[in-house]
Structures are given as C-alpha cells and as structure tokens.
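Residue numbers (this note's numbering), protein chains in the order written: chain A, 42 to 771; chain B, 49 to 512.
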C-alpha cells in the first residue's frame, strides 16, 4: 500500500487567532466564548516589535542627520558616510521587518496557502454538488445551503453511523420534536432574553454587522499587516482579542470608538452595539397572538418531555435521549461557508444522571485512549494541546467526571472513524469565563480546518439547570426519585419564615425576603441561626432586592429535624454532547481532500479520500469498452451489489477509463470494478490506485466486505492476483 | 376532539374530508371533492346524533390513540406548557417506525430508480413563493368567533353544517340535493359565496354558538419570518419541499449528464400554519414530506419499467366513476388503465404502481387503499392528470400520497421570475427543418394606438 500523500496545506503549530465565535450548540445561553487566549510566541514577537521600533527611530534619526548635513553643506565624504550608515540601518530594519512578518504569518491566519487550499476544496464541492448555495437563481440568501446528491449521501452516512455509534450502542431513546416552538419554552430556557449577538449598523446604508467580528477583524488585521505598532499596542490588541467575547455592549462600543472602526466597504460611521436575538420568530395560528420561534437547538424539546421519557425508561437513571434535527439561527452576517449557516442539522444527546453518581460503567472501555487535550490550565499558561490519556485526565480531575470522560472518548472514536485526522482534532476545555455559571465542566471537540480550530462537538455537564428552568416555569416537577431499600433517617433543615413579622417589617418586599430566606443552604442557615441566637439580629442580603435587610430573631425559625425518608427526590444532571453535523462534514471534506498529478502530468486531479463508511457511493462499475457482453456483466454485478445494499453507480459512457476513474475519485468513491472480460473483473482502490483481479462471481461480495469494513484493502491485496494496467489508470 | 362527521358506511364512504395532510397543492386546496354516497338511514331527529358506526369508530380510534400515546409513539408537543395545537413529538417507538418507513421509501424510490436525493433548506426567501404562487394563493378562508376571538375554517363550518343537516330525514329531496351540491363545491367557493352561505344558513361558531365575522378572510398558511437582522427580507418556512428542487433544476440536469428523464427526491420537514388543526396526526402544523420530482420530456412520457407494474390490480377510482352516482372504487388492472387512457401516461402509471407496492409492503391493507383520480375542477389548469393514494381510516378516506403530472408549470414559473432558463435540450441527430410561427408586434404602430397599454398588448400578441 502506498502512503497517502500529505495534505496540501501546511499544518499549523500555533493556535489560531481566527477562531470562530463560539459554536452555540452547546454553549447555549450560551453566550460565552472566548477563544482560548492567543499563544503566539509572545517573547519573540514582542522583542522583534521592540527592535523594529528602535530601528525605525534610528533610521529616522539618521535620516534627519543626513538632511542636516546636507543643509549645512557639509563635506561630501562626511555626507556619504552618513548615507552609508543610513542605508545600513535601513537594511537592518527591513531584516527585522521580514522576521516579524514571518513570525506573524506563521502564527496568524495569514497564509495564502490556506485560502488557496480552501478555494480548491470548495470549488470541487460546489461543482460536484456536494453542496450549493440555496436559491441561487434568485441570487441566494446568505447562510443557506442545499446538499446535492453526494453531500446528502454523506450526511445520511454520517447520521446513520452516529445512530449506530451512540443510540444503538448506548441504548438511547431517540425522539423527534417539532422545530416550531412556542415562546414560553424558550422564555424558560433563557433564549428569548439571552440568545443574542451584539450588532452595529452602518448609519447610512443600514447594513448590519456583528460588533465583535468588526473588532476582531480590526485587531487581527492590525496585528498581521501593521508592523509599525509598538510592542505594547500589539499586546493590547491581543488582549482585546482574548477577552472581547465577554465584552458588554458598552465596552464593545467604546473599543469601536477608540479604534475609529467604521463600516467595512463603505467606511461609514457605525451605531452603538445593541443585542439582536438570533432566533427566527414567527406566529403560530391565525390570531397573531401566539408568538413562536424556530428552535435554535433541539435540546429543549427533550427537556420538556423529561417526565415521559423517565417513565418510559422505567423510572431508572441514568438514561439518555437523543435527537437529530434541523435547528435555525438568524445569523447577523453569516460567513465561512458551511461553518456558520442559518439552518443546520444538530445531533444532540441529553444524558440524565444522578448528580451524586456520575460514574460510568463503560468508562474503562475508553480509559486507555490517548489524544490531544487542551485543559484550562494549559490554555491559561500559554501552552498548547497535548496528548493525554483519558483515564488519567479523569482520575486527576482534569475532566470533571467519568460520564463526561466517557462521552469525550466516544466522540473521539466517532470522529476519527469518520475520517477526521486525529492530529487535527483536539478537546479543549472551556475556561471558567466561557462556561455558564451552572455548568460543571465543558469540553469542545475542535477540528482544525483552513478557518482555524472549529468547534464541532460540545460536551457539557450542564448540571440541573435546564430541567429546573422548565420545572419552575411550567410548574411540573421534572425530577427523579430514588427509592431507599430501607427508610433512612435524615436530618433536615427546616426554615420557617414568620410571615406576620416579616410583613410588618418589609411590607411589599415581604415575598422577596421570604424567598431568599427559604433559599439559604444549610451552612448559611446555621450561621444565621447562631447569629440570631447570640445577637438577636442579623444583616441579610436579599439578591432579588439587591439590598441588605435586617432580620430579627422573631422573623424566622431555623431548626434541624430528624425525619424518616423512604425516597430521595432530585433533579437529575444533564450531560449534553451536541454535534454540529454540517461542521463535522465540512471539516471532513477538508481533511479528506487532496490532489495528485494526472498520469500525463499535465494537470492536478482532485480526490476525496473518504473512508468507505462515509463515502457517498461505495463503488462504480465500468464496462471497459462499450460492448454488450461487458454491459450485461456490469448489470449482473450491479444487481448483486444492490441486493447486498451497497450503493453504486454504473458508468457506461464511452469515455476513457482514466477519465472515469478521475470522475469517481473526485466524488470520493473508494472502489471501482472494471469489467474487461467475461470471466473476471478488476477492482481498483482509490487512494493507492492498486488493482486486483477477481472473478466475476466474487466481485460484488469482495466490494461489499471491504466497504462494510469486514475486511481491509490490505486483505484484498494479499488474497487476489494483482493487476497492473499501465493503460487503464489515468 | 372535534371530529368531522364521517360517512357512515366504511366500504362505500368517500371522504369529504379535508385534503390529506401531506400533499395538498395550491389548487387542490381550493378544489371540490365529490360526494357520491348513497343516502343512509339516520335516526329520526333533527339534532345530530352519532350513529352506532360512528361511535364504534370513535371508540376504536380512541383505543388506538391511547395506546400510541401511552407507549410514546407520539404525543402532544410541549405538553408541560399545555402544548400547541397541531404540533406532535415522536417518541422512541414512533421515531423508529418513521425511520423504517423512510428507509423503505429510499430503497423503493431513491435507490431502485436511481434518483438524486437532495436536501434543501426549510427557510425560503419570499421571491421563491411569489414565483410559485404560494404567497398569493396558499390560503384558507377563515371566520372569527366574534365573542371569544377563536378562528375557524369557513369551508369546514359550511361543510359540517350541510352534512349534519342532511341527516335530517324530514328535509325535502331538493333540499338534500342542494346540500350535496354545496358540499361538493364548498372548497371552490369564493370568500363572498362562503360568507353568503354562512349567513343564509345562520351558521354560528361551533360550541359557543356565537356570531361569526363576515365575510370570511383568506389566511396564508405559510409561517412567516424575517431573515437577517434588518427585518426587511421576508422569509417563509416551506410548505412543501418541491420548490427547492425546481430552483436547482439546472444543476441537477447538468449533474445527470443533461439527460432526461431523471428524478430528484427529497425527504424533509415542512410547515403549514393551519387555522384550527384537528384530526391528530392527520393535520399538523409541522410534518415530514418525501417528494419525488421526475423530470420528463413532455413528448415522451413512456416508462421502460412500466411492464414491471402493468399486471398489478388494485382499487382505482377514475374521474368518470366518481361522476356517476352510486359508484365506488373498483379493482382495475394498471396496464389496462393506462392503455385505455384512464391514467394519462406510462410514467404516471408506473409511479401509481410503485406507490401501491410501497404502501402495501409497509402493511397498509390493500382493501382500504384506493387510487382516486382528481376531478377536472380539483386539478390546476396546467395539470395533465392527478391521482391520490387514499387510505381509509377512522377519519374516512385520507389522501396520503398525491401523484400528479404538473406539466411544466413549476419550472416555467421559476424561469419567468428568475430570468434563468430552466430548460432541457435534445440534440437532434440531424438538423430538422421546422416551420416556426413568428409574431412581431410593430411597436411603432401599437404605441400610438395603445399608449401606456402597449406593453400588455405586445406581450399578449407574442404569447403563443
């Protein structure tokens, strides 16, 4: 077997500045996402900038000196010497410039290679209808794409493998909820209030932009192209890039003003940033009174059904529900092709687990896996992702719990089986400021593409947040029960606010005070009890009023009581792996794409090295020349392939066999059967272009076993006579 | 549940139902369904009472639905928030069944026929549905309960009224005939005509008996939204998947090596903002459609695989039979139906046969499956022929698959609107000499004669 040719575009060592905005599937509410702090080798770059600015001043000083000499009509040798010195300094300056430029472009986005590579991939994808911009005859709509036949087939292969790998393997409950969702559901989840991006408007044309994108573009542009900025300025810009996703509208607005950022293209002034909700809104029914939204994720449909699913599962935890479906986000200005679109397929798992026991019986199956992980601490200290053993990461507490760790391992297996390059896949932990306050731990599977590291799967321990939110809003308790084998004696904290006294003291605020008192945890309550007993009065902060009130001894009674309990009622935690299917597929396209010279060497031919598992078509069948005998044989093979469910195409066009191979290579078809006699055929493997000769009868079954992974091409290569046909290929 | 009245004799009944959920085309939705039932003896009461058969059906349905909901095959969506009419979730078993149905569908149609399967977006810009006619015509007429503000479909109210009224044995023969007539026309009535009927019959809101708004108003059934942040570009959620395919015709045609015929298939979510959804899973606001668009040379609609289905025999209900009173669907041999011209073309006939095989393979009872041809007034003017696969259930005969020869209407509509020619070419082996009609309006003369109307006159003259 030949080794795959290396990918066309250079692998980057450094982490990327141009990271995407957080992929919001998982970080729902999701606001946060800062990219991991930038880890360009600060020192080298900084000292170069420093020295560049020193050189610049020396050049300037020397230039002034020369001018002064000339003005004072100094002697020619003196002037010449000064000029020589100036030239020397200029040379030094440009050397430093070059060095700085090269450092910046190797760590930044700037590689032209990368864009050329992307163009080649996207061209091929669109030409072969893997995907195309939607409604093109009407000049299209940004952020909407159609999947053509090969894209559609790949997507269905990816989804069917997803079902097998997650749903069947883990016995999950697959459900299917509507996209149209009434407002109340998304109010409870927080989307109506918080699922926003900050937007600015071109004050003259009214065109809208994402405020953070403009700021990011400004900073990266400055860092990459302006060599004259001082080291301190550069450091500040990098700092802004790292924290801007956390900026408030005011902070973002201030930066935009400070840097004098204007609208792209028009250079018009911009409005202040304001939040724009990313959900598509509509109205349900004819009255116009029931607002609805297109779901921005599938998870909420599962949460609101928790109770039913829990009963269906025989009231046992843990269990997982899964859903594959369309989700919709009204992006302000979609860019980056398939990576940021307005309608996309999500595959989400909600694994419900007892918060007190997040162990996983199958964790040992994945504990030995080793792959690139990028824990919080490494990100903070400017290191890069490194290979860690998953078992160790969990036992050391780097990964919060076994269940989370188990899913990380399963996601790794899933993605690499699809054909994602494991060297360009890493699991990055969210930084503390990226996570919602309720989340216990979050890891993103990030895949490197020509756009940088892209979040494709989010794996989050969201604790009890979502179920609680819907319990509160709907009044239906979404809880689980654990029956004790024997009743347990438990000590229970009992907080009884004395409404009469509280009413007198706080009037209209009584309710807030009562709620805050009741919400105290054990520690707080016991502390209050002690204070009340010793001092008779205590200062108490009521968060819903945002002020401190004085609580007297007669206003609340706090005690611990012993109770016999037969069961424990609790809100389960949710561990949520959430997959952006379109993103995974796009990254897969990039990882599988390569080119190789045609036989004549006069052109570069494209190919997609998809594993058979995802390849849109597993096999093509070619009669070598147009003749009835070969065509009949081809039809027989085709029928056999159909009967074993192997997707294939017959190509009976008279074009040269080389052209036909090139055409199927470009679709990523892994095998080709060429009928060149009435007794036997050749089978060609796409990547190696190796061919074996197989009898007509066996052809379909060999292709079927190697497509379905029951045997490898090496096995085939070892068991059948090799066929070398100089003429046939290319 | 607000179940519409049923025809009482299952074997003979013909649904005067709403169109089946899935496949309504624009013009279908306005079209009439015939009413050919023999009259049935009814309790001698003016007040509507449910017959024993109806009661039995309802009990049966309740048992089915209860089991389905209990085992989470499906249930109301967002139930903890009291739900939303017309939205349902599929639970694990329902989802499994759906996936199995879709995978058999793929096998039967996409794989077997070598179709191109594609996936287009549900979000669609307004211009597309302007071209297809949905923005203007994809409407139902509604009236409002003037007291509680609830909306009702005007045609449903009139139809329900007529059907109930008919059960009164004391009404005269002429009256009964008129009611039948109204029922058969009700979906074709204009807003004014429907309004007049409501007034004439003194129809009030169901349950509340409150007065209704007048006249009925058209309500567009597409969910509207706004694409992008400016609020200025209107978008809709597609009510069918077909338009995405028509839009991309040129690309698919090229991908297919510029050869006809070929078919493009799509399975996907569609959305219809029903005025008052009823009948459970049969009329929902969001559902899955699986559509095939088979593109064929209008001059050659033969199908090479037609012999594979020509011998099939099943219940068919051609237009002519429906127009005679007292007729019902009959077993016909498909080959004969095509040969006699009852079914318009081999290709249409082939798909009817494949649909029959698909449905019966799924487990649909072949005695309760029929193919009903659209009446002339049900079809759009451009359609060559339409057959619905109707399946009988406790709600009556339900349209589940529509098989229509839509001629070139859709591609033309998008060609005209977009200015991109959605056409195919047949290279002739030898150049052919043809006689071509050439119409050249003389602008110079037309101008002075018609002034501002010149354009219209010129266009009308040029139309061939």
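Don't be surprised by glycine CBs; every beta carbon is placed ideally from N, CA and C.
{"query": "Taking residue 473 of chain A as the reference, which of A/516, A/537, A/420, A/231 has the closest Cα?", "result": "A/420"}
{"query": "What's the gap between the Cα of residue 284 of chain A and the Cα of residue 277 of chain A?", "result": "11 Å"}
{"query": "Should residue 386 of chain B and residue 163 of chain B be called a contact, given that it needs their Cβ atoms to be closer than 9 Å?", "result": "no"}
{"query": "Taking only the alpha-carbon atoms, compute the straight-line gap between residue 78 of chain A and residue 87 of chain A and give it to the nearest angstrom.", "result": "With a pLDDT of only 37 at residue 78 of chain A, under 50, the local geometry of the prediction cannot be trusted, and no value is derived from it."}
{"query": "Run through chain B and tell me which residues come within less than 7 Å of residue 99 of chain A, C-beta to C-beta.", "result": "Within chain B, no residue comes near residue 99 of chain A; the closest Cβ sits about 50 Å away, beyond 7 Å."}
{"query": "Does DSSP classify residue 418 of chain B as helix, strand or coil?", "result": "strand"}
{"query": "Are the beta-carbon atoms of residue 486 of chain A and residue 458 of chain A separated by less than 9 Å?", "result": "no"}
{"query": "Please classify residue 584 of chain A as buried or exposed, where buried requires at least 16 other C-beta atoms within 10 Å of its C-beta.", "result": "exposed"}
{"query": "Three Cβ pairs or more, each shorter than 8 Å: is that satisfied between the segment 564 to 571 of chain A and the segment 513 to 521 of chain A?", "result": "no"}
{"query": "Counting contacts by CB-CB distance shorter than 9 Å, is residue 159 of chain B in contact with chain A?", "result": "yes"}
{"query": "Identify which residue in B/370, B/372, B/356, B/375 has its Cα closest to the Cα of residue 382 of chain B.", "result": "B/356"}
{"query": "Alpha carbon to alpha carbon, how far is residue 596 of chain A from residue 602 of chain A? Give it in angstroms, no decimals.", "result": "19 Å"}
{"query": "Give the list of continuous alpha helix (DSSP H) stretches no shorter than 4 residues that lie fully inside the segment 277 to 341 of chain B.", "result": "290 to 295, 297 to 303"}
{"query": "Based on Cα-Cα distance, which residue from A/124, A/98, A/97 lies nearest to residue 109 of chain A?", "result": "A/124"}
{"query": "Applying the 10 Å Cβ sphere with the 16-neighbour rule, what's the burial state of residue 732 of chain A?", "result": "buried"}
{"query": "Does the beta carbon of residue 256 of chain A sit closer than 9 Å to a beta carbon anywhere in chain B?", "result": "no"}
{"query": "Would you mind telling me which residues of chain A sit closer than 9 Å to residue 323 of chain B, beta carbon to beta carbon, in chain order?", "result": "326, 327"}
{"query": "Below 8 Å on the Cβ atoms is my contact criterion, and I expect residue 158 of chain A with residue 192 of chain A to pass it. Report the Cβ-Cβ distance as a whole number of Å.", "result": "That pair is no contact at about 19 Å."}
{"query": "Quick test of the definition: if touching needs 3 or more C-beta pairs under 8 Å, does the segment 655 to 665 of chain A touch the segment 706 to 717 of chain A?", "result": "yes"}
{"query": "Can you pull the DSSP bridge partners for residue 250 of chain A?", "result": "A/241"}
{"query": "Whose CA, out of A/592, A/518, A/604, lies closest to the CA of residue 532 of chain A?", "result": "A/604"}
{"query": "Can you confirm whether residue 127 of chain B, when its beta carbon is compared against all beta carbons of chain A, has any partner nearer than 9 Å?", "result": "yes"}
{"query": "Check whether the Cβ of residue 277 of chain B lies closer than 9 Å to any Cβ atom in chain A.", "result": "yes"}
{"query": "Got a sec: which bits of the segment 205 to 218 of chain A sit with their beta carbon under 9 Å from any beta carbon on chain B, in order along the chain?", "result": "213, 214, 215, 216, 217, 218"}
{"query": "Under 9 Å Cβ-Cβ, which residues of chain A neighbour residue 132 of chain B?", "result": "219, 221, 222, 223, 325, 326, 331, 333"}
{"query": "From the beta carbon of residue 183 of chain A, is the nearest beta carbon of chain B less than 9 Å away?", "result": "yes"}
{"query": "I'd like to know whether the C-beta atoms of residue 620 of chain A and residue 362 of chain A end up nearer to each other than 9 Å.", "result": "no"}
{"query": "Starting from residue 229 of chain B, follow the alpha helix (DSSP H) in both directions and report where the run begins and ends.", "result": "221 to 233"}
{"query": "Check the Cβ of residue 32 of chain B against every Cβ in chain A and list those closer than 7 Å, keeping chain order.", "result": "This structure gives no information on residue 32 of chain B, because the portion of chain B shown stretches from 49 to 512."}
{"query": "Can you tell me the Cβ-Cβ gap for residue 323 of chain A and residue 311 of chain A, rounded? I've got them flagged as a contact below 8 Å.", "result": "Actually they are not in contact, since the Cβ atoms of residue 323 of chain A and residue 311 of chain A sit about 30 Å apart, beyond 8 Å."}
{"query": "Does any residue of chain A bring its CB to less than 9 Å from the CB of residue 250 of chain B?", "result": "no"}
{"query": "Would you check if the segment 410 to 430 of chain A and the segment 628 to 647 of chain A touch, i.e. whether three or more CB-CB distances between them fall below 8 Å?", "result": "no"}
{"query": "Is residue 662 of chain A helix, strand or coil when you go by DSSP?", "result": "strand"}
{"query": "Does chain B have any CB closer than 9 Å to the CB of residue 192 of chain A?", "result": "yes"}
{"query": "Should residue 475 of chain A and residue 616 of chain A be called a contact, given that it needs their Cβ atoms to be closer than 9 Å?", "result": "no"}
{"query": "According to DSSP, is residue 478 of chain A part of a helix, a strand, or is it coil?", "result": "coil"}
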